[in-house]
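Chemist: Here it is: the structure, laid out below.
Number of protein chains: 2
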Amino acid sequence: MSGRGRVPSGQPTISDVARHAGVAVSTVSYVLSGKRAISEVTRNRVLASVRLLGYHPNAGARALASRRANVIALVLPLRSGIQVPVVMQFATAVVTSARSHDHDVLLLTSDEGPQGLHRIAAGALVDGVLVMDVELHDVRVPLLRQLGRPSVLIGVPADTDGLTCVDLDFHRAGQVCVEHLASLGHRRIALLGAPQAVYDRGTGFAHRTRAGVVEAATRHGVEAVTLPCEENAAEVHRRVVELFDRQPELSALVVQNEAAVGPVQAALAALGRRVPDDVSVVAVCPDQFAEHANPRLTSVPVPAEEIGRQAVSLLMRKVRDEATPQVTLLEPQLTVRDSTAPAVLDDRTAAR
Amino acid sequence: MSGRGRVPSGQPTISDVARHAGVAVSTVSYVLSGKRAISEVTRNRVLASVRLLGYHPNAGARALASRRANVIALVLPLRSGIQVPVVMQFATAVVTSARSHDHDVLLLTSDEGPQGLHRIAAGALVDGVLVMDVELHDVRVPLLRQLGRPSVLIGVPADTDGLTCVDLDFHRAGQVCVEHLASLGHRRIALLGAPQAVYDRGTGFAHRTRAGVVEAATRHGVEAVTLPCEENAAEVHRRVVELFDRQPELSALVVQNEAAVGPVQAALAALGRRVPDDVSVVAVCPDQFAEHANPRLTSVPVPAEEIGRQAVSLLMRKVRDEATPQVTLLEPQLTVRDSTAPAVLDDRTAAR
DNA sequence: ACGGTTTGTCGAAGCGCTTCGCCAGCGTCC
DNA sequence: GGACGCTGGCGAAGCGCTTCGACAAACCGT
């Protein structure tokens, strides 16, 4: 009898392939997964049938039987003050890397909250979770610990116990900027950081960069002021004016906020300070951005691509139940371009 | 015998719930899906067990049995010249709406190409596909037609036959900008459009906006120049200078490129032209952006949220096999702010 | 009181795949 | 030449869920 007559889906199934190739279903499965040795001859026959029929394994059935969805979740931040283009770079890097590991990416926004993570993980929709924009004391961290699914954080919280985290070494990035400026003879510098809200939230990268700047400044006998910095032009302008009011002999700026770079340049121009003749500028921003600025900016890029790739790679290891380091920090690379120059030997400065 | 002893997954299954509630598995299923009437008493008992055990249905099993993955794919553009923040807004709107329809979102980037779409669709990983950044003659369009899965496009290609598309009515948006300026007495205006590459690609919104501007200008007896416009400050500056060289009596600008708005303002300032006293500016950009500019910009926002919502909603209808309109265009809304003012009655202009 | 309908529940048959155990056929080694 | 190990392939038992048909029980009108 022909059963209860559900409509067939139209897509060929593994048993269509098996029938067509004249082998057992399991043989097809093993050919496709490579988990058992199959003779050259049989394999070729099966693969030919696969191609001919246009067979694609059904994801649901596969997930059910193998207990592996071959999908990972990416939790993206939606908060204010985030660098949208950088986030996008991360996202695309993650998707691309995931594909190279034969996984797809499910997009979650944090606004569904812990609920979302639970649902996804408990329902076995995904094999693992990638979380971006992690705060120092992130509420999601305890959740991830007890989620019972592999997870990797992009960003480093205060307590990394039992976690796997990847990020640029922002502390080191701060240092590198200062070291570059110090080596050019700058003795009074300022960090225009992330928006205040980002610090308030306790976002790791902002705090760490600042700490790195301060630490390196102290070490090199450089005087460093640090202030937060919003993203709109008017605000930036105020900040810059304020900065030079407080410290007229300022000769270099580290700008961490990509969106603020343009306005900062505009503000300096408005104040009649030339870059790099009067003021050197180092930015923490994507290379592409630095290249297109005028003058081209000396910068420390956030290697979104590399971080994304590493994150996925670590997650895959965890999914396969292999050990991973708790924290992976990437070494920042400073590229010198046209926005930094030796400090002008000012009488007042030299005299001290 | 206890079977072959696969490890149980740890998560409670529907039969755990059924056992705990003292009902049949199918009853639990019907309680959860609501597809058959279940008595109040039984339902409550089942729901209590669900909560108590922390049951979440297994996505794979559900997909397999119901032939519905409850996941949709979102194909994001990665091309140059796209408005990253706007794309992000779309993405989050899509995720949020999808969730409200009990669906999740799988992220695809177009760089996997047609392959990706095929794999996803044939493997039944998703119930439908949402494609962003559609070009007038998009290679993916024929593919979507023969994909055999519901799809919705954000953006409108040249031939919409057999498709479902949503977008802002960019033609109308162009008109609206011009009409506003015309009503203020402006007689010589310019459109600073999208980057050249975007026109070259045949991206619908860019062409349509330009057409709308030109059409409305003609209708209102306004002289309109249109030029493409890159996103970096130097380029924008050149464009603006060029514009006023060619047409010194220009009194208003329509800026379509969000990223160019800041640089345009800077360039105008550098040329000593005040906004809105000397030059009026209308931007096509997100409201938030317009609010934070200085002066606040009269703008036509791209209602990413609304478009995303509509797109998901249409896709859901298609998934349920309901009819949908081929093209859904949203009416643009111009918000008047501080960057537009009546044209100054110039002698030369008035004399003609 | 009796067919007829409605309501609520159950059992079982898959959905399409993976994976385990099994075995036939062969070469190999004392 | 029998015990042994490999190789390559098969069959069947699920994975956890949805859905269909069946069927008691309760409710109707007459």
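Protein sequence lines correspond, in order, to chains A and B.
0 is the number of the first residue of the first sequence in numbering that gives the first Met the number 0; add one for each residue after it.
0 is the number of the first residue of the second sequence in numbering that gives the first Met the number 0; add one for each residue after it.
C-beta atoms are modelled at their ideal positions from N, C-alpha and C, and glycine is treated no differently.
Source: prediction; values computed, not measured.
Identify every residue that forms a DSSP beta bridge with CYS164 (chain B).
Modeler: B:LEU152 and B:VAL326
Chemist: Looking at C-alpha atoms only, which residue of A:GLN88, A:ARG186, A:ASN293 and A:GLY147 is the closest neighbour of ARG78 (chain B)?
Modeler: A:GLN88
Chemist: Using 10 angstroms around the beta-carbon of THR202 (chain B), count the other beta-carbons present and answer buried if the total reaches 16, otherwise exposed.
Modeler: buried
Chemist: If the cut-off is 8 Å on Cβ atoms, which residues from the stretch 243-264 of chain A count as contacting chain B, listed in chain order?
Modeler: Listed by position, the residues of the stretch 243-264 of chain A near chain B (Cβ gap below 8 Å) are GLY261, PRO262 and GLN264.
Chemist: Select from the stretch 80-91 of chain B all residues with a C-beta closer than 8 Å to any C-beta belonging to chain A, and list them in chain order.
Modeler: VAL83, PRO84, VAL86, MET87, ALA90 and THR91
Chemist: Spatial neighbours of PRO227 (chain B) within its chain, please: C-beta separation below 7 Å, excluding the five flanking residues on both sides.
Modeler: GLY192, ALA193, PRO194, GLN195 and TYR198
Chemist: According to DSSP, simplified to helix, strand and coil, what is ARG187 (chain A)?
Modeler: Strand at ARG187 (chain A).
Chemist: Listing by chain order, which chain B residues have their CB less than 9 Å from the CB of PRO111 (chain A)?
Modeler: As written in the sequence, residue 111 (chain A) is Glu, which differs from the Pro given in the question. Within chain B, the residues near GLU111 (chain A) are VAL94, THR95 and ARG98.
Chemist: Are THR208 (chain A) and ALA157 (chain A) close, meaning C-beta to C-beta below 9 Å?
Modeler: no
Chemist: Excluding five sequence neighbours on each side, which residues of the same chain lie with their C-beta closer than 6 Å to the C-beta of VAL151 (chain B)?
Modeler: LEU129, THR163, ALA310, LEU313 and LEU314
Chemist: Using alpha carbons as the reference points, say which of A:ALA189, A:HIS117, A:HIS55 and A:ALA216 lies closest to ALA57 (chain B).
Modeler: Note that residue 57 (chain B) is Asn in the sequence shown here, rather than Ala. The shortest Cα separation from ASN57 (chain B) among A:ALA189, A:HIS117, A:HIS55 and A:ALA216 belongs to A:HIS117.
Chemist: Would you mind giving the Cβ-Cβ distance between ARG190 (chain A) and VAL212 (chain A), rounded to the nearest angstrom? I have them listed as a contact below 8 Å.
Modeler: A small correction: the amino acid at residue 190 (chain A) is Leu; Arg does not occupy that position in the sequence shown. At roughly 5 Å, the Cβ-Cβ gap stays under 8 Å, so LEU190 (chain A) and VAL212 (chain A) are in contact.
Chemist: For ASP15 (chain B), would you say it is in contact with chain A, using Cβ-to-Cβ distances shorter than 9 Å as the test?
Modeler: no
Chemist: Are PRO285 (chain A) and PRO84 (chain A) closer than 9 Å when you measure CB to CB?
Modeler: yes
Chemist: Applying a beta-carbon distance threshold of less than 8 Å, which residues of chain B neighbour LEU105 (chain A)?
Modeler: Here the neighbours are VAL70, ASP103, VAL104, LEU105 and LEU106.
Chemist: Hey, is ASN57 (chain A)'s beta-carbon within less than 9 Å of any beta-carbon in chain B?
Modeler: True, the Cβ-Cβ gap to chain B drops below 9 Å.
Chemist: Three or more C-beta pairs closer than 8 Å, one from the stretch 97-108 of chain A and one from the stretch 94-107 of chain B: is that the case here?
Modeler: yes
Chemist: In the DSSP assignment, find the unbroken alpha helix (DSSP H) run with GLY271 (chain B) in it and report its ends.
Modeler: Taken as a continuous stretch (DSSP letters only), GLY271 (chain B) belongs to no alpha helix (DSSP H), as it is neither H nor E.
Chemist: Which residues in chain B have a C-beta closer than 7 Å to the C-beta of LEU124 (chain A)? List them in chain order.
Modeler: ALA58 and ASP103
Chemist: Check LEU180 (chain A) in the structure and name its three-state DSSP category.
Modeler: Of the three classes helix, strand and coil, the one that applies to LEU180 (chain A) here is helix, per DSSP.
Chemist: Between ALA232 (chain B) and GLN264 (chain B), which are expected to be in contact by the criterion C-beta below 8 Å, what is the C-beta distance as a whole number of angstroms?
Modeler: Taking 8 Å as the upper bound for CB-CB distance, ALA232 (chain B) and GLN264 (chain B) are not in contact here, some 11 Å apart.
Chemist: In angstroms with no decimal places, state the Cα-to-Cα distance between ASP346 (chain A) and GLU248 (chain A).
Modeler: Confidence at ASP346 (chain A) is low in this model, with a pLDDT of 48, below 50, so the placement of that residue is unreliable and no value is reported for it.
Chemist: Measuring only the C-alpha atoms, how far is GLY2 (chain B) from ARG61 (chain A)?
Modeler: With a pLDDT of 38 at GLY2 (chain B), under the threshold of 50, the modelled position of this residue cannot be trusted; read the value that follows with caution. Computed Cα separation, rounded: 21 Å.
Chemist: Classify ASN69 (chain B) as buried or exposed, calling it buried when 16 or more other Cβ atoms lie within 10 Å of its own Cβ.
Modeler: With 16 or more Cβ atoms within 10 Å of its Cβ, ASN69 (chain B) is classed as buried.
Chemist: Please go through the same chain and pick out, in chain order, the residues whose beta-carbon is closer than 6 Å to the beta-carbon of HIS179 (chain A), but skip the five residues on each side of it.
Modeler: LEU333
Chemist: Which word fits LYS34 (chain B), buried or exposed, when buried means at least 16 other C-beta atoms lie within 10 angstroms of its C-beta?
Modeler: exposed
Chemist: Short of 7 Å Cβ to Cβ, which residues in the stretch 221-241 of chain A face chain B?
Modeler: ASN231, ALA232 and ALA233
Chemist: Which complete beta strand (DSSP E) runs does the stretch 230-258 of chain A hold, if anything under 3 residues is left out?
Modeler: Taken in chain order, the unbroken stretches of beta strand (DSSP E) that lie wholly in the stretch 230-258 of chain A and span 3 residues or more are 251-254.
Chemist: So with CB distances below 8 Å, who are the chain A contacts of ASN293 (chain B)?
Modeler: ASN231, ALA232 and ALA233
Chemist: Compare the beta carbon distance of PRO262 (chain A) and GLU230 (chain A) with 9 Å and say whether it is the shorter of the two.
Modeler: yes
Chemist: Along the beta strand (DSSP E) that carries GLY203 (chain A), what are the first and last residues, could you check?
Modeler: Not the beta strand (DSSP E): GLY203 (chain A) falls in the alpha helix (DSSP H), residues 203-218.
Chemist: Could you list which residues in chain B have their beta carbon closer than 8 Å to that of GLN10 (chain A), in chain order?
Modeler: In chain order: ALA121 and ALA123.
Chemist: Can you name the residues that DSSP bridges to SER298 (chain B)?
Modeler: B:ALA282 and B:THR334
Chemist: What does a CB cutoff of less than 7 Å around ALA350 (chain B) pick up in its chain, not counting 5 residues either side in sequence?
Modeler: Annotation note: pLDDT 40 at ALA350 (chain B) (below 50); position unreliable, coordinate value reported separately. Excluding sequence neighbours, ALA350 (chain B) sits near nothing in its chain.
Chemist: Determine whether the beta carbon atoms of ASP137 (chain A) and ILE81 (chain A) lie at a separation below 9 Å.
Modeler: no
Chemist: Keeping to the same chain, check which residues put their C-beta closer than 6 Å to that of GLY220 (chain A); ignore five residues upstream and five downstream.
Modeler: none
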